[in-house]
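The structure appears right after this line, and notes come after that.
In the UniProt record's numbering, the protein residues as written are 1 to 311.
Structure (structure tokens):
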């Protein structure tokens, strides 16, 4: 998430009432999660296991719960609860704004685009030309839809990320301030759910097609001309490269990469990153040929046991 203008370190510290290490006028231009940070961004860290990763990241401002040595060229925001204060910043820069109508006044709708009855288009949504939005579709604030896109009935773009911190009193949600971005010529089936990024974008690339009842988690990036069949669940922060096929009921772990032109057979659990250009099957995932050989061997076990019993 980029701020509308550059803020100073002191201004950010004042918003969250925190101490800081660095010059008052140290520039701050945005905030992001660790996997997408850029210079000028704030990243938060609240566990010693990840201190070094955050301090050595591209982020130039680290929101941290310990007064550590500040790396050269960076600044620190010292907080007793970085998770809470990251939420404060998201709420400050991307506050929830209620809408009083089905298509928000700030939404931009392209030429020859059709929006069927009972759909909701939120604040600052942009929809391109020649799109067809069927009934009961919900597009949350700030989402971007390209040209020649079809979204079938009941699908939802831009719901919150499934991201929680466990506390003694229950689960505390990390507030989402990101977007969903659909590129040109994307088709979204009925009853699909595509969560927005926490601070960045969940992106579906040019020409990709989703079947009915597909879920896409926060900050996931799906490449061009992919095919994703029904009841597939894609976790957060996944990268799916171009021309990948995911057949029905595939599930993935978060933070993995599926290489270009990979084919994932139905009901496979993608537990790790896999290279492109190959076919995969099973849980845990393996190349299809190897997995099918293993299943053939397993079928032979009763026959082998009978032979052993006769000896």
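Every residue gets a Cβ at the ideal spot worked out from N, C-alpha and C, and that includes glycine. In this text the structure is predicted, and so the values were computed from the model without any measurement.
- Counted as a single uninterrupted DSSP element, the alpha helix (DSSP H) harbouring residue 16 occupies residues 9-16.
- The distance from the Cβ of residue 37 to that of residue 66 is about 19 Å, inconsistent with a contact at the 8 Å cut-off.
- A direct Cα-to-Cα measurement between residue 235 and residue 310 gives close to 50 Å.
- The alpha helix (DSSP H) runs of length 4 or more contained entirely in the region 242-299 are, from start to end of the chain, 288-299.
- In the displayed model, residue 308 falls within a helix according to three-state DSSP.
- Per DSSP, reduced to three states, the secondary structure at residue 85 is helical.
- By the Cβ neighbour-count rule, residue 97 is exposed, with fewer than 16 other Cβ atoms within 10 Å of its own.
- Under a 10 Å Cβ-count criterion, residue 294 is classified as exposed, with fewer than 16 other Cβ atoms of the shown protein chains found around its own Cβ.
- Contact check for residue 154 against residue 136 passes: the beta carbons are separated by less than 9 Å.
- Within the same chain, 205, 206, 207, 208, 242 and 243 come within 8 Å of residue 225 by CB-CB distance, once the 5 residues on both sides are set aside.
- When beta bridges are read from the DSSP output, residue 178 appears opposite no residue.
- For the region 31-85, the full-length beta strand (DSSP E) segments reaching 3 residues or more read 41-45, 61-64 and 75-78 along the chain.
- Assignment of alpha helix (DSSP H) within the region 109-142, counting only whole runs of 4 or more residues, yields no such run.
- If you draw a straight line from the Cα of residue 17 to the Cα of residue 85, it comes to about 9 Å.
- Taking the C-beta atoms as reference points, residue 174 is found nearer than 9 Å to residue 87.
- Taking a contact to require three or more Cβ pairs closer than 8 Å, the region 127-136 and the region 214-223 do not qualify as touching.
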